[in-house]
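Report on the structure given below.
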Amino acid sequence: MSVTLVGKHEKDSRANRDAYVSAMLEMMETDDKICHVDCDLMNCIATKKLLKAHPDRTFNAGIAEANAVGLSAGLASTGMNVFVHSFGIFASRRVFDQAFLSVGYSEWPVHIVGSDPGVSAAFNGGTHMPFEDCGLYMNVPNFVIVDPCDYVQLYSLTKKLAYCGSPSYMRMVRKGIVKVYDDGSDFEIGKGYQIREGGDVTLIASGILVDEALKAGEALEAKGISARIIDLPTWKPLDEEIILKAAEETGAIVTCENHQVATGLGSAIANLLAQKKPTPMEFIGVQNRFGQVGPADFLFDEYNLRAKDICGAVDKVLERKAK
Amino acid sequence: MDKKQKMHELRIFAAEVRLETLKVIKARGFGHVGGSMSLADAMAVLYGDVMNVDPKNPTWPDRDEFVLSKGHGGPVMYATLGLKGYYPIEEAYTLNQPHTKFPSHTDHLTTPGVELTTGSLGQGISEAVGAALGKKVQKLGGRVYVAVGDGECDEGQVWEAAEFAAHYKLDNLTCIVDVNGMQLDGPTDEIMGQGKGLAAKFDAFGWKVFEVEKGNEVEPIWDALQEALKVKDAPTAIVLHTHKGLGATFAEVSMEHSSQPSPEKWAEAIEASEKQLSDVRNEKV
Chain A
192 MSVTLVGKHE KDSRANRDAY VSAMLEMMET DDKICHVDCD LMNCIATKKL
242 LKAHPDRTFN AGIAEANAVG LSAGLASTGM NVFVHSFGIF ASRRVFDQAF
292 LSVGYSEWPV HIVGSDPGVS AAFNGGTHMP FEDCGLYMNV PNFVIVDPCD
342 YVQLYSLTKK LAYCGSPSYM RMVRKGIVKV YDDGSDFEIG KGYQIREGGD
392 VTLIASGILV DEALKAGEAL EAKGISARII DLPTWKPLDE EIILKAAEET
442 GAIVTCENHQ VATGLGSAIA NLLAQKKPTP MEFIGVQNRF GQVGPADFLF
492 DEYNLRAKDI CGAVDKVLER KAK
Chain B
349 MDKKQKMHEL RIFAAEVRLE TLKVIKARGF GHVGGSMSLA DAMAVLYGDV
399 MNVDPKNPTW PDRDEFVLSK GHGGPVMYAT LGLKGYYPIE EAYTLNQPHT
449 KFPSHTDHLT TPGVELTTGS LGQGISEAVG AALGKKVQKL GGRVYVAVGD
499 GECDEGQVWE AAEFAAHYKL DNLTCIVDVN GMQLDGPTDE IMGQGKGLAA
549 KFDAFGWKVF EVEKGNEVEP IWDALQEALK VKDAPTAIVL HTHKGLGATF
599 AEVSMEHSSQ PSPEKWAEAI EASEKQLSDV RNEKV
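For the record, the sequence lines run as chains A and B.
For the first sequence, the positions run 192 to 514 when this note's numbering is used.
For the second sequence, the positions run 349 to 633 when this note's numbering is used.
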């Protein structure tokens with residue numbers, strides 16, 4: 192395995208967005224086709240650094256997201272390798288038709304980055320809290336969808352997306368979050384990572400729920416329950432092999448996501464398992480509710496995204512497994 | 349070649365484009381006749397003379413590119429590209445048949461010579477803006493031409509694209525605005541007015557605008573496109589006042605958005621279009 196788990200539940204000293212900016216700066220140095228398009232949010236994700244270093248390939252499209260995505264497709268048609276950013280709500284809901292037709296249907300490998308996913312929108316509130324962003328992109332046949340869990344994974348996957356040849360949507364938490372992996376860890380698109388061994392149940396998590404799953408794994412161990420944990424940064428295409436193996440070997444699955452369950456990771460996994468390996472499942476995530484304003488801590492509690500909620504779901508799924 | 353001779357050839361090409369546009373749509377029996385026919389003369393001028401393209405080398409990086417943002421005008425593009433030699437024109441008579449290379453709205457993945465996929469109005473102009481920007485960034489030659497409809501200009505995205513193109517001084521971008529005065533539900537003035545008019549709007553957005561009252565005559569279109577080539581530091585808009593359905597006997601008066609005439613009406617239209625072509629060919633220059 193080319194990844195090294197830290198898993199101490201300690202916050203990374205670096206802002207998460209700097210992982211994206213670092214990866215982009217490095218790529219822009221060596222590849223003159225890489226460019227960044229932003230929508231008047233450069234100050235939010237520190238992409239002014241890109242503008243300063245590469246003014247010829249960093250574009251501010253203003254508060255006009257539909258055009259930003261459309262022109263990104265046009266740039267890609269001339270051979271440019273384009274990343275385009277806005278807040279997750281705009282980078283999904285507001286531009287969905289442009290992303291679908293100008294990018295996806297047209298098969299231009301444009302990379303759309305949506306910041307402040309789910310509860311990480313915190314003080315911007317319900318208007319700015321995407322619980323449905325990935326769900327929208329799940330409908331576009333050729334999109335790759337990733338929800339990185341920390342700085343190191345975001346850095347690595349940004350570089351992988353640039354050369355994956357497909358259109359993509361990536362979620363990006365802006366601020367400093369828990370460091371899950373050690374620096375230098377290298378991730379692949381479409382691959383899940385088993386970060387804890389276990390035989391009784393499997394927790395499959397992505398994004399900022401990975402650390403909650405790790406905490407849940409420790410709490411379960413104290414109760415004598417052996418939980419396997421899989422970090423699944425890529426929602427599409429799914430790593431079917433690691434999921435089916437976990438279903439076969441542990442016989443119970445709990446999915447954990449910072450997103451609506453109905454259109455998200457849990458549903459995608461349920462869809463796979465219903466066809467290939469029916470398995471008792473429980474779902475941690477947002478259950479058909481809108482977002483709201485408040486600190487992230489409050490929102491984690493409010494939407495039942497905590498390790499204790501995961502442990503509760505494990506109790507329920509193990510009851511069904513026993514039957 | 350002197351200009352008179354050139355204009356005569358472009359008039360012939362426009363008449364050929366009209367006839368083939370009708371034949372392409374007639375093969376399926378129904379389609380977007382109106383908005384295809386209004387643009388026939390501009391297409392003839394662009395592909396017949398102004399644009400620097402090579403059907404034998406369609407992805408040449410320094411080529412001029414054309415984007416049909418009003419993607420429902422697909423048939424006039426298929427007629428033009430077929431006559432230009434991108435494929436045998438008969439292939440386009442498979443319009444909207446299963447597995448055809450010629451779908452209702454233009455698709456770059458299916459049709460040789462189509463640069464960018466359109467059909468959701470407003471998106472093609474953004475794509476064209478991106479293509480023009482991409483040419484600038486990579487110091488490629490060639491210009492990008494894009495055609496939008498007047499009804500399409502209801503879309504907010506057109507104006508997002510317009511402000512970007514002006515802000516980034518995309519003087520390698522020219523937008524043909526096909527003002528045929530009609531949209532699906534009726535006259536554009538009645539459905540959604542355009543304030544002081546589309547020429548004034550593009551001007552207000554920082555574009556250099558050329559208004560052509562006789563937008564179905566090749567010479568003033570050609571003249572305006574030559575003027576556009578001289579503009580520096582701003583995108584150019586050629587606002588063409590056209591007639592929806594011009595040259596299709598069944599659509600010319602109704603100015604309808606889509607047509608499904610009877611076989612007799614089709615025969616009448618084809619005959620009239622063939623006569624038109626023959627008359628233009630026989631003009632004394």
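The beta carbon of each residue, even a glycine, is placed where N, CA and C say it ideally should be.
Bear in mind that the values here come from a model prediction, so they are computed numbers and not experimental data.
{"query": "Within its chain, find whatever has a CB closer than 6 Å to the CB of A:A257; leave out the 5 residues flanking it on each side and keep chain order.", "result": "V286 and Q289"}
{"query": "Does any CB atom of chain B fall closer than 9 Å to the CB of A:M271?", "result": "yes"}
{"query": "Check whether the Cβ atoms of A:L216 and A:Y372 lie closer than 9 Å to each other.", "result": "no"}
{"query": "Could you tell me whether the Cβ atoms of A:P404 and A:D377 are closer together than 9 Å?", "result": "One point to set straight first is that residue 404 of chain A is Ala, not Pro, in the sequence displayed. No. Outside cutoff."}
{"query": "Contact criterion: CB-CB distance below 9 Å. Does B:H456 meet it with respect to chain A?", "result": "yes"}
{"query": "Using beta-carbon positions only, say whether B:K417 and B:A476 come within less than 9 Å of one another.", "result": "The question names Lys, yet the displayed sequence has Ser at residue 417 of chain B. Cβ distance < 9 Å, so B:S417 and B:A476 count as in contact."}
{"query": "Where does the unbroken alpha helix (DSSP H) through A:R554 begin, and where does it stop?", "result": "Since the first and last residues shown for chain A are 192 and 514, residue 554 of chain A lies out of range."}
{"query": "Count the other C-beta atoms from every protein chain shown that fall within 10 angstroms of the C-beta of B:V633, then say buried if there are 16 or more, exposed otherwise.", "result": "exposed"}
{"query": "Just reading off the beta strand (DSSP E) that A:Q483 is part of, what are its end residues?", "result": "Premise fails: A:Q483 is in no beta strand (DSSP E) and is neither H nor E."}
{"query": "Along the chain, where does the alpha helix (DSSP H) containing B:M385 start, and where does it finish?", "result": "V381 to M385"}
{"query": "Taking B:H356 as part of the alpha helix (DSSP H), name the residues at either end of that continuous run.", "result": "K351 to K374"}
{"query": "Since B:E565 and B:G382 should fall inside the 8 Å C-beta cutoff, what is the C-beta to C-beta distance between them, to a whole number of angstroms?", "result": "Incorrect: roughly 19 Å between the Cβ atoms, too far for contact."}
{"query": "Taking the alpha-carbon of A:L456 as reference, which of A:E440, A:D229, A:A438 and A:V477 has the nearest alpha-carbon?", "result": "A:V477"}
{"query": "At what residue ranges does the stretch 557–625 of chain B contain a whole run of the alpha helix (DSSP H), taking only runs of 4 or more?", "result": "566–577"}
{"query": "At least one CB of chain A closer than 9 Å to the CB of B:V525: is that the case?", "result": "no"}
{"query": "Quick check on DSSP: helix, strand or coil for A:Y328?", "result": "helix"}
{"query": "Just to confirm my understanding: we take B:L394, look at its own chain, exclude 5 residues before and 5 after, and list those with CB closer than 7 Å. What are they?", "result": "F414 and Y493"}
{"query": "Using a Cβ cut-off of 7 Å, pull out every chain A residue sitting near B:F450, in sequence order please.", "result": "Under the 7 Å cutoff, chain A gives no residues; its nearest Cβ is about 17 Å from B:F450."}
{"query": "Could you list the residues in the stretch 575–608 of chain B with a C-beta less than 9 Å from some C-beta on chain A, going in chain order?", "result": "none"}
{"query": "Alpha carbon to alpha carbon, what distance is there between B:P403 and B:V527?", "result": "29 Å"}
{"query": "Quick one: what does DSSP say A:I501 is sitting in, helix, strand or coil?", "result": "helix"}
{"query": "Distance cutoff 9 Å, beta carbons only. Does B:T465 sit that close to anything in chain A?", "result": "yes"}
{"query": "Using only alpha-carbon positions, find the residue among A:S417, A:G317 and A:D506 that is nearest to A:T441.", "result": "A:S417"}
{"query": "Can you check whether the CB of A:K406 is closer than 9 Å to the CB of A:A487?", "result": "no"}
{"query": "I want to verify the contact list: residues of chain B whose CB lies under 9 Å from the CB of A:N330, in sequence order.", "result": "Ordered by position in chain B, no residue passes the 9 Å Cβ test against A:N330, which lies about 15 Å from the chain."}
{"query": "Identify the contact partners of B:S468 in chain A, using a Cβ-Cβ distance below 7 Å as the criterion.", "result": "D288 and L292"}
{"query": "Taking a Cβ distance cut-off of 8 Å, strictly less, list which residues of the stretch 477–491 of chain B are near chain A, in chain order.", "result": "V477, G478, A479, A480, L481, G482, K483, V485, Q486 and L488"}
{"query": "Does B:H420 have its Cβ less than 9 Å from a Cβ in chain A?", "result": "no"}
{"query": "Which same chain residues end up closer than 6 Å to A:I280 when comparing Cβ atoms and leaving out the 5 residues on each side of it in sequence?", "result": "H319 and P321"}
{"query": "Anything in chain A within Cβ reach of B:E500, meaning under 8 Å, just list it in chain order.", "result": "None at all; the shortest Cβ gap to chain A is about 13 Å."}
{"query": "Under a Cβ-count criterion, where at least 16 other Cβ atoms within 10 Å of its own Cβ denotes burial, should B:I437 be classed as buried or exposed?", "result": "buried"}
{"query": "Whose C-beta lies closer than 6 Å to the C-beta of A:D231 among residues of the same chain, with five residues either side of it excluded?", "result": "G253 and I254"}
{"query": "Please identify the residue among B:G541, B:T442 and B:T458 whose C-alpha is closest to the C-alpha of B:D502.", "result": "B:G541"}
{"query": "Who are the near neighbours of A:S148 in its chain, counting only those whose CB is closer than 6 Å to its CB and skipping five residues on each side?", "result": "This structure does not reach residue 148 of chain A, given that chain A is present from 192 up to 514, and the question cannot be answered."}
{"query": "Please determine whether the Cβ atom of A:V194 lies at a distance below 8 Å from any heavy atom of the ligand MN.", "result": "Of the ligands one can find in the structure shown there are none, so the ligand MN has no counterpart to examine."}
{"query": "Check B:T458 in the structure and name its three-state DSSP category.", "result": "coil"}
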